[in-house]
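Asker: Below is one structure. I have some questions about it.
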Amino acid sequence: MARTESEPGHQTTFYKEGERSAFFYIRFTFQTFSVKISAMEFLNKAEENLTAAQVCFDNGLFNACANRAYYAALHAAVAALAHKGIRKDKFDHSQVRADFSGELIKRRKIYPSKLKSYLYDMQLVRNQADYSGESVTRKAASMVLAKSQEFSACIEKEIEK
59 MARTESEPGH QTTFYKEGER SAFFYIRFTF QTFSVKISAM EFLNKAEENL TAAQVCFDNG
119 LFNACANRAY YAALHAAVAA LAHKGIRKDK FDHSQVRADF SGELIKRRKI YPSKLKSYLY
179 DMQLVRNQAD YSGESVTRKA ASMVLAKSQE FSACIEKEIE K
């Protein structure tokens, strides 16, 4: 049986394992962030993260590059959603991907369909950088950086229309 607790910015679900008197609980925390700032503020965060990603790439810091490039794209996606009036009290990573793809690509056809997989592809590399023992290669970091630049530029162009 699972139980869920909430605290500001987090939702924690505990799952019980075991059949005997000793029970173990696994804690899964899903981080969310509140969207109370404007599309332009998120776009500025995206630009800052893109600059950091480029600096990291230029200095051979490929794990950090993948991390910053992913967050640049994530912030750009939140900016795009906010710009089109899609605001929620809280977003999580998968919800941003789903809302961006479903609402802004499929339904409203504001962005090209090739962007649909960009956030997911970048998150896979970022997860490797942040949570795996294996480092991100120069080639993978370059791909994430290029996708993030293209993704962010497309959104910036639309917002500034």
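Just so we're on the same page, the working numbering is the position in the sequence shown counted from 1, plus 58. Don't be surprised by glycine CBs; every beta carbon is placed ideally from N, CA and C.
For residue 167, does the count of other Cβ atoms within 10 angstroms reach 16, so buried, or fall short, so exposed?
Answerer: By the 10 Å Cβ count, residue 167 comes out exposed.
Asker: For residue 118 and residue 107, what's the separation of their Cα atoms in angstroms?
Answerer: Cα to Cα, the separation comes out at about 16 Å.
Asker: Under a three-way DSSP split, which group does residue 172 fall into?
Answerer: Helix.
Asker: Put residue 136 into one of helix, strand or coil per three-state DSSP.
Answerer: Correct three-state label for residue 136: helix.
Asker: Quick one: using the 10 Å Cβ neighbour count with 16 as the cut-off for buried, is residue 185 buried or exposed?
Answerer: Its Cβ having fewer than 16 others within 10 Å, residue 185 is exposed.
Asker: Enumerate in chain order the residues of its own chain whose CB-to-CB distance from residue 195 is below 7 Å, with the five nearest sequence positions on each side excluded.
Answerer: Cβ within range, chain order: 120.
Asker: For the stretch 195-207 against the stretch 145-152, do three or more pairs of beta-carbon atoms, one drawn from each stretch, fall closer than 8 Å, so that the two count as touching?
Answerer: They do not touch, by the three-pair rule.
Asker: Whose C-beta lies closer than 6 Å to the C-beta of residue 187 among residues of the same chain, with five residues either side of it excluded?
Answerer: The residues are 121, 124, 125, 194.
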